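If you count by this note's numbering, then the sequence shown holds residues 4 to 183, one letter each, in order. Cβ atoms here follow ideal geometry from the backbone N, Cα and C, with glycine treated the same way. Here the structure is a predicted model, which is why all the values come from computation and not from measurement.
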Amino acid sequence: MANRGRDVTSAIETGPRILGVDPGLNITGYAVIEKRLGKLVVIEAGMIRGRTRGDLAARLHEIHGGIHDVIESFAPAVLAIEELYSHYDRPTTAILMGHARGVICLAATQAGIPVRSYPSTQVKRMLTGNGRAPKHQMQQAICHEFGLATPPEPPDVADAMAIALCHHYLQRDLARTLSS
4 MANRGRDVTS
14 AIETGPRILG
24 VDPGLNITGY
34 AVIEKRLGKL
44 VVIEAGMIRG
54 RTRGDLAARL
64 HEIHGGIHDV
74 IESFAPAVLA
84 IEELYSHYDR
94 PTTAILMGHA
104 RGVICLAATQ
114 AGIPVRSYPS
124 TQVKRMLTGN
134 GRAPKHQMQQ
144 AICHEFGLAT
154 PPEPPDVADA
164 MAIALCHHYL
174 QRDLARTLSS
């Protein structure tokens with residue numbers, strides 16, 4: 004039977020695209036990953052900078068627009084994002100981060116993409132075995148996972164890659180559990 008121009012193996016050899024996001028008001032890291040030929044690859048990774056100082060609404064608009072552009076350009080199947088956590092000494096930081104997470108989740112929902120949240124301790128534990136791993140250890144784990152010679156900069160990009168990886172591994176493990 005003729006192939007008729009369709010790549011029959013591509014659906015088998017690739018996995019769903021995952022957009023990992025490390026939310027921040029100054030720097031929001033993002034990474035789009037995908038499984039190709041049995042190997043995880045980074046399609047795109049970078050950051051969205053909040054350039055407008057002092058105007059929270061304008062910064063949130065920039066973050067929303069940046070995530071919207073990434074979603075539009077790379078058509079991920081899911082957005083994985085770090086869960087909000089609050090340190091009792093800095094509740095205002097958690098509130099401000101909640102705004103950033105909100106516009107990121109809004110952009111995904113507007114595009115019809117499901118959002119999955121993961122605590123930073125779970126992401127760190129999954130990649131390093133230590134739920135309190137420091138940034139440099141996470142960057143080393145990312146280099147190892149993707150075969151990178153140098154760590155992604157700024158660390159927010161590595162964090163976004165780690166969040167996407169965490170989602171991938173949890174979904175893979177869930178699929179294995181369901182099939183057995």
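### Message
Can you look up glycine 183 in the DSSP assignment and give me helix, strand or coil?
### Response
The sequence position of residue 183 within the sequence shown is 180, counting from 1. Before going further, note that residue 183 is serine rather than glycine in the sequence given. DSSP places serine 183 in coil when its eight states are reduced to three.
### Task
Output the boundary residues of the alpha helix (DSSP H) element that contains threonine 131.
Translated into positions along the sequence shown, residue 131 becomes position 128. Taken as a continuous stretch (DSSP letters only), the alpha helix (DSSP H) holding threonine 131 covers 123-131.
### Message
At the level of alpha carbons, what is the spacing between isoleucine 74 and glutamine 142?
### Response
The residue you call residue 74 lines up with position 71 of the sequence shown. The residue you call residue 142 lines up with position 139 of the sequence shown. One C-alpha to the other measures close to 24 Å.
### Query
In whole angstroms, what separates the C-alpha of alanine 152 from that of cysteine 146?
The count along the sequence shown starts at 1 and reaches residue 152 at position 149. The count along the sequence shown starts at 1 and reaches residue 146 at position 143. Between alanine 152 and cysteine 146, the C-alpha separation is close to 7 Å.
### Query
Do proline 3 and isoleucine 98 have their C-beta atoms closer together than 8 Å?
No answer is possible for residue 3: the residues shown for the chain start at 4 and end at 183.
### Query
In chain order, what residues of the same chain have a beta carbon less than 7 Å from the beta carbon of arginine 104, not counting five sequence neighbours either side?
Your numbering for residue 104 matches position 101 in the sequence shown. Cβ neighbours of arginine 104 beyond the five flanking positions: Pro26, Ile84 and Leu87.
### Message
If I follow the unbroken alpha helix (DSSP H) through leucine 28, where does it start and stop?
### Response
Stepping through the sequence shown from its first residue, residue 28 is reached at position 25. Element bounds for leucine 28: n/a, residue is neither H nor E.
### Query
Do you know whose CA, among Met50, His67, Met129 and Pro19, lies nearest cysteine 108's CA?
Taking the first residue of the sequence shown as position 1, residue 108 is located at position 105. Comparing Cα-Cα distances from cysteine 108 to each of Met50, His67, Met129 and Pro19, the minimum goes to His67.
### Query
What whole-angstrom Cβ distance do alanine 163 and glycine 23 have, given they're in contact under 8 Å?
Here residue 163 refers to the residue found at position 160 of the sequence shown. Here residue 23 refers to the residue found at position 20 of the sequence shown. Confirmed, about 4 Å.
### Message
Quick check: the Cα distance between serine 13 and aspartate 92, rounded to an integer number of angstroms?
### Response
Position 10 of the sequence shown, counted from the start, is the residue given in the question as residue 13. Position 89 of the sequence shown, counted from the start, is the residue given in the question as residue 92. Confidence at serine 13 is low in this model, with a pLDDT of 48, below 50, so the placement of that residue should be treated as unreliable; the coordinate-derived value is given next. Approximately 50 Å between the Cα atoms of the pair.
### Message
Can you find the residues in the same chain that come closer than 6 Å, C-beta to C-beta, to alanine 61, ignoring five residues on each side of it along the sequence?
### Response
Residue numbering aside, residue 61 sits at position 58 when the sequence shown is read from its first letter. Closer than 6 Å at the Cβ level, and outside the excluded window around alanine 61, lie Thr55.
### Task
Taking the CB atoms as reference points, tell me whether alanine 48 and proline 157 lie closer together than 8 Å.
Numbered from 1 along the sequence shown, position 45 holds the residue referred to as residue 48. Numbered from 1 along the sequence shown, position 154 holds the residue referred to as residue 157. Going by C-beta atoms, alanine 48 is not nearer than 8 Å to proline 157.
### Query
Between which two residues does the alpha helix (DSSP H) carrying alanine 110 extend?
Start at 1 with the first residue of the sequence shown, and residue 110 comes out as number 107. Start and end: 94-113.
### Message
Please give me, in chain order, every unbroken run of the alpha helix (DSSP H) with length at least 4 that falls completely inside the region 35-89.
### Response
59-77
### Message
For isoleucine 30, which residues in the same chain have their Cβ closer than 7 Å to its Cβ, ignoring the five residues on either side in sequence?
### Response
Taking the first residue of the sequence shown as position 1, residue 30 is located at position 27. Cβ neighbours of isoleucine 30 beyond the five flanking positions: Met50, Arg52, Pro157 and Asp159.
### Query
Looking at the unbroken alpha helix (DSSP H) that takes in isoleucine 145, where does it start and where does it end?
Position 142 of the sequence shown, counted from the start, is the residue given in the question as residue 145. Segment 138-149, the alpha helix (DSSP H) holding isoleucine 145.
### Task
Give me the Cβ distance between glutamate 148 and leucine 43, rounded to the nearest whole Å; I'm assuming they're in contact under 8 Å.
Along the sequence shown, read from residue 1 onward, the residue named residue 148 stands at position 145. Along the sequence shown, read from residue 1 onward, the residue named residue 43 stands at position 40. Between leucine 43 and glutamate 148 the Cβ distance is about 7 Å, and since that is below 8 Å, they are a contact.
### Span separating the alpha-carbon of glutamine 174 from that of histidine 139
Your numbering for residue 174 matches position 171 in the sequence shown. Your numbering for residue 139 matches position 136 in the sequence shown. In a straight line, the C-alpha of glutamine 174 is about 26 Å away from that of histidine 139.
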